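Novice: Pasting in a structure now, in structure tokens, and then I'll have a few things to ask.
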């Protein structure tokens, strides 16, 4: 497992924790989207997310080939937090904001 994350246990923990946070954010954003915009819009969001994942997989293959797998992990990890901050302000948070 140390091949992607290096030999640092702290880096591995950070990447693994980011994965758990990303799943929690994904479920929360889907629920918020249903509340604010309805189920049809949410289906569209999920379809766009799926397409975005495919695009990231293709782009990630080029990044991994030219820069390295560690750079791919770092970029993907940072993008999770950027997306979370941007999406935080897009919803009413079940009418609270």
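Residue numbers (our numbering): 214 to 310. Heads up, the beta-carbon is just placed ideally off N, CA and C, and yes, glycines get one too. Bear in mind that the values here come from a model prediction, so they are computed numbers and not experimental data.
(1) How about residue 229 and residue 304: are their beta carbons less than 7 Å apart?
(2) Are there three or more Cβ pairs, one per stretch, closer than 8 Å when the segment 244-264 is compared with the segment 272-289?
(3) Given a threshold of 16 other Cβ atoms within 10 Å of its Cβ, counted over all protein chains shown, does residue 285 qualify as buried or as exposed?
(4) Sort 232, 288 and 283 by Cα distance to residue 221 and report the nearest one.
(5) Residue 240 to residue 263, Cα distance in whole Å?
(6) Between residue 234 and residue 293, how many whole angstroms is the CB-CB distance? I'm expecting something under 8 Å.
(7) With burial defined as no fewer than 16 other Cβ atoms inside 10 Å of the residue's Cβ, what is the status of residue 242: buried or exposed?
(8) Quick one: Cα of residue 232 to Cα of residue 290, how far?
(9) Report, in whole angstroms, the separation of the C-beta atoms of residue 226 and residue 306, which I expect to be a contact under 8 Å.
Specialist: Walking through what the data contain:
(1) For the purposes of this step, residue 229 is taken as residue 16 along the chain shown, with counting starting at 1. For the purposes of this step, residue 304 is taken as residue 91 along the chain shown, with counting starting at 1. No; because the gap between Cβ atoms is not below 7 Å, this pair is not in contact.
(2) Counting Cβ pairs under 8 Å, fewer than three are found: no touch.
(3) Within the chain shown, the letter at position 72 stands for residue 285. With 16 or more other Cβ atoms within 10 Å, it is buried.
(4) Position 8 of the chain shown, counted from the first residue, corresponds to residue 221. Ranking the options by Cα distance to residue 221, first place goes to 283.
(5) Here residue 240 refers to the residue found at position 27 of the chain shown. Here residue 263 refers to the residue found at position 50 of the chain shown. Cα-Cα distance, rounded: 14 Å.
(6) Residue numbering aside, residue 234 sits at position 21 when the chain shown is read from its first letter. Residue numbering aside, residue 293 sits at position 80 when the chain shown is read from its first letter. Going by Cβ atoms, the distance from residue 234 to residue 293 rounds to 7 Å, so yes, they are a contact pair.
(7) In the chain shown, the residue the question calls residue 242 occupies position 29. Buried: at least 16 other Cβ atoms inside 10 Å.
(8) Numbered from 1 along the chain shown, position 19 holds the residue referred to as residue 232. Numbered from 1 along the chain shown, position 77 holds the residue referred to as residue 290. So the alpha carbons of these two residues sit roughly 8 Å apart.
(9) Position 13 of the chain shown holds residue 226. Position 93 of the chain shown holds residue 306. Wrong, their Cβ atoms sit about 29 Å apart, outside the cutoff.
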